[in-house]
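Trainee:
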Amino acid sequence: MTKKLFISTHGCQMNVYDSDRMAELLRPLGYRPAAAPDDADMVILNTCHIREKASEKVFSELGRLRATRREREAAGNGGMIIAVAGCVAQAEGEEILRRAPYVDMVFGPQAYHQLPEMVARASRGAGATLNTDFPTEPKFDTLPARAADSAVSAFLTVQEGCDKFCSFCVVPYTRGAEYSRPVAAILEEARQLLAGGARELTLLGQNVNAYHGEGPDGRPVTLGRLIRLLAEAPGLERLRYTTSHPLEMTDDLISAHGEVPALMPYLHLPVQSGSDRILAAMNRRHSADDYRRIVDKLRAARSDLALSSDFIVGFPGETAADFEDTMTLVGEIGYAQAYSFKYSPRPGTPAAAGEMIEEPVKDERLQRLQVLLNGQQADFNAGFAGRVLPVLLERDGRQTGQLVGRSPYMQSVFVEAPRHRIGRVAEVRIEAGFGRSLKGVLVTPDAAAA
Ligand code: SAM
Ligand code: SF4
6 MTKKLFISTH GCQMNVYDSD RMAELLRPLG YRPAAAPDDA DMVILNTCHI
56 REKASEKVFS ELGRLRATRR EREAAGNGGM IIAVAGCVAQ AEGEEILRRA
106 PYVDMVFGPQ AYHQLPEMVA RASRGAGATL NTDFPTEPKF DTLPARAADS
156 AVSAFLTVQE GCDKFCSFCV VPYTRGAEYS RPVAAILEEA RQLLAGGARE
206 LTLLGQNVNA YHGEGPDGRP VTLGRLIRLL AEAPGLERLR YTTSHPLEMT
256 DDLISAHGEV PALMPYLHLP VQSGSDRILA AMNRRHSADD YRRIVDKLRA
306 ARSDLALSSD FIVGFPGETA ADFEDTMTLV GEIGYAQAYS FKYSPRPGTP
356 AAAGEMIEEP VKDERLQRLQ VLLNGQQADF NAGFAGRVLP VLLERDGRQT
406 GQLVGRSPYM QSVFVEAPRH RIGRVAEVRI EAGFGRSLKG VLVTPDAAAA
């Protein structure tokens, strides 16, 4: 019997990947995608714990779901299984069941392969399930094959967890210790995704460049080597990877940027702060100059590399001078785009015990940094006007007849093009670059013969 599943995904790309895998796991049980929660027999909230705001959202969303379930029951449309997955589930499992006892299942990122058993239990009305263990069997070994229809640009998790313990971050506690999948399993999943229509693969890991999975000869393989192996996969056009830590930016990985044509010239390499004092307090284990040297090496390997970063402002103890060091670093590096956040104290992390910066000061710093970063992004995009770029067309755009794709530099590109060109790389003449996207025209508009 067909049942409907709605997954609400928050947070990072790894959660997007996990949500896809959960949907695939539930398919054999008859679950198909629902357009909205009120049409669903089961709703999974795949949550993010990285900042307080993201965490608190869970409880308001749960309140709304409880009301939706009551409405469904009152209308005679059957019940609804409510599940909480992801990092909030891992960190606050018991608290969720205390504050929202109507939730049927709470499970962490390392336990979702056990979903079929948990669903069977919930369907029997056997009481709420709390599953926040880190089971010993590797989750990936028990997941089914990838669905036959892939997105043009697909995620592929190659590494999970983190051993870095940056003093502000919950990831090592919610995702557990670093684990790298074996090369053979990754190559097989890549093959399935490409057979399903994917043309671009983004290799995912909380700390993806720490990848050291087992190779065919039993010896560890680096991310640089894995990229070289994947680049040979039939049907693959483009490769990307995220998120990297500066400490693991090895020469072998840097040289891949110059040597592997499929590896796109875009890198998200978070620095968090430009102040050595703050970097030390964050336990990042590198200096601002180390970061500058890594960027120099990367740009020597690939001169057009577009860079992105994450920044935290108002970290405990951050002085005006520390913040100016961040502004200086940003001015020197020049980012194609970046994410910036106000520090958010997370329970159980060492930085949460530090000297807090007042909210208005954080606001002012964030605003200044974002003005600088947004200006760099707008300038970067504007610089493409008149140039021709290869754009991988991914899906329908906002307007009829329009498609949206990505440039090699990760910019969204809007272009009028027929739908049959989705999944192909098209040459696009860029007419204008905006704050967050580019607009262009096909160089060869009539693709009928292509
Ligand atoms: N592993 C990646 C790295 O090392 O950069 C990032 C992982 S985290 C999911 C994404 C970003 O969230 C971080 O780079 C950091 O900028 C931000 N972040 C993490 N903890 C935070 C906190 N407590 N407050 C504000 N931002 C935070
Ligand atoms: Fe968190 Fe990234 Fe630091 Fe790991 S390396 S603790 S995921 S910020």
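Quick note on this note's numbering: the sequence shown kicks off at 6 and runs consecutively.
Glycine residues also receive a C-beta, built at the ideal position from the N, C-alpha and C atoms.
For clarity, every value in this text was computed on a predicted model and none was experimentally measured.
(1) Could you check the C-alpha separation between residue 411 and residue 16 for me, to the nearest Å?
(2) Does any heavy atom of ligand 1 sit closer than 7 angstroms to the C-beta of residue 20?
(3) Mind the definition here: the region 44 to 57 touches the region 17 to 25 only if three or more C-beta pairs lie below 8 angstroms; say whether that holds.
(4) At the level of alpha carbons, what is the spacing between residue 233 and residue 141?
(5) I need the boundaries of the alpha helix (DSSP H) containing residue 73, first residue and last residue.
(6) Taking C-alpha atoms, which residue in 390, 122, 316 and 339 lies nearest to residue 433?
(7) Can you give me the C-alpha to C-alpha distance between residue 439 and residue 278, rounded to a whole angstrom?
(8) Tell me, to the nearest whole angstrom, how far the beta carbon of residue 413 is from that of residue 270; I am working on the premise that it is less than 8 angstroms.
(9) Please go through the same chain and pick out, in chain order, the residues whose beta-carbon is closer than 7 angstroms to the beta-carbon of residue 454, but skip the five residues on each side of it.
(10) Per DSSP, which one or two residues make a beta bridge with residue 442?
(11) Is there at least one non-hydrogen atom of ligand 1 closer than 7 angstroms to the beta-carbon of residue 248?
(12) Considering residue 233, what are the terminal residues of the alpha helix (DSSP H) in which it resides?
(13) Could you check whether the region 239 to 253 touches the region 182 to 194, counting it as contact only if at least three pairs of C-beta atoms, one from each stretch, sit closer than 8 angstroms?
(14) Between which two residues does the beta strand (DSSP E) carrying residue 246 extend?
(15) To the nearest angstrom, report how far apart residue 38 and residue 152 are at their CA atoms.
(16) On a CA-only basis, which of 366, 441 and 157 is nearest residue 388? Give me that one, please.
(17) Give me every residue whose Cβ sits closer than 6 angstroms to any heavy atom of ligand 2, in chain order.
(18) Hey, quick one: how far does the beta strand (DSSP E) through residue 142 stretch, first residue to last?
(19) What is the rounded straight-line gap between the Cα of residue 449 and the Cα of residue 420?
(20) In the DSSP assignment, the beta strand (DSSP E) including residue 205 goes from what residue to what residue?
(21) Expressed to the nearest angstrom, what Euclidean distance is found between the alpha-carbon atoms of residue 76 and residue 84?
(22) Nearer than 7 angstroms: is that true of the beta carbon of residue 56 relative to any heavy atom of ligand 1?
(23) Between 409, 285, 240 and 383, which has its C-alpha nearest residue 205's C-alpha?
(24) Do residue 82 and residue 113 have their beta-carbon atoms positioned less than 8 angstroms apart in this structure?
(25) Output needed for residue 395: all residues of its chain with C-beta closer than 7 angstroms, excluding positions within five of it in sequence on either side, in chain order.
(26) Any heavy atom of ligand 1 closer than 7 angstroms to the Cβ of residue 349?
(27) Within a Cβ cutoff of 7 angstroms, which residues of the same chain sit near residue 209, ignoring the five residues on either side of it in sequence?
(28) For residue 38, name the three-state secondary structure that DSSP assigns.
(29) Per DSSP, what kind of secondary structure is residue 408 in: helix, strand or coil?
(30) Roughly how many whole angstroms lie between the Cα atoms of residue 452 and residue 426?
(31) Out of 369, 306 and 424, which has the shortest C-alpha to C-alpha gap to residue 2?
(32) What are the uninterrupted segments assigned as beta strand (DSSP E) that are 3 or more residues long and contained completely in the region 256 to 334, given in chain order?
(33) Pair every Cβ in the region 316 to 325 with every Cβ in the region 275 to 289, then say whether three or more of these pairs are closer than 8 angstroms.
(34) Report yes if the CB atom of residue 293 is closer than 8 angstroms to the CB atom of residue 284, and no otherwise.
(35) With a CB to CB cut of under 7 angstroms and the five nearest residues on each side skipped, what residues in its chain are close to residue 171?
(36) Does DSSP put residue 354 in a helix, in a strand, or in coil?
Mentor: Looking at the coordinates:
(1) C-alpha separation (whole angstroms): 21 angstroms.
(2) Result no, Cβ not under 7 angstroms from ligand 1.
(3) yes
(4) 30 angstroms
(5) 57 to 79
(6) 390
(7) 27 angstroms
(8) 5 angstroms
(9) Confidence at residue 454 is low in this model, with a pLDDT of 43, below 50, so its placement is unreliable and the value that follows should be read with caution. Excluding sequence neighbours, residue 454 sits near nothing in its chain.
(10) Secondary-structure assignment with DSSP links residue 442 through a beta bridge to 417.
(11) Yes, since a heavy atom of ligand 1 falls inside the 7 angstroms radius drawn around the Cβ of residue 248.
(12) For residue 233, the enclosing alpha helix (DSSP H) stretches over residues 228 to 235.
(13) Between the region 239 to 253 and the region 182 to 194 there are fewer than three inter-stretch CB-CB distances shorter than 8 angstroms, so the stretches are not counted as touching.
(14) Taken as a continuous stretch (DSSP letters only), the beta strand (DSSP E) holding residue 246 covers 243 to 247.
(15) 13 angstroms
(16) 441
(17) 167, 169, 170, 171, 174, 176, 177, 211, 212 and 250
(18) Run containing residue 142: none; DSSP gives neither H nor E here.
(19) Each residue's Cα considered, the two are about 12 angstroms apart.
(20) 205 to 209
(21) 9 angstroms
(22) yes
(23) 240
(24) no
(25) 413, 430 and 432
(26) Result yes, Cβ under 7 angstroms from ligand 1.
(27) The answer, listed in chain order, is 18, 19, 22, 160, 161, 162, 163 and 247.
(28) strand
(29) Per DSSP, reduced to three states, the secondary structure at residue 408 is strand.
(30) Reliability of the predicted coordinates at residue 452 is poor, the pLDDT of 49 falling under 50, and the value obtained from them is presented with this limitation in mind. Near 7 angstroms, if we compare the C-alpha coordinates of residue 426 and residue 452.
(31) There is simply no residue 2 to check, as the chain begins at 6 and stops at 455 in what is shown.
(32) 271 to 273 and 311 to 318
(33) yes
(34) yes
(35) So the list reads 287, 288 and 289, once near-sequence residues are dropped.
(36) coil
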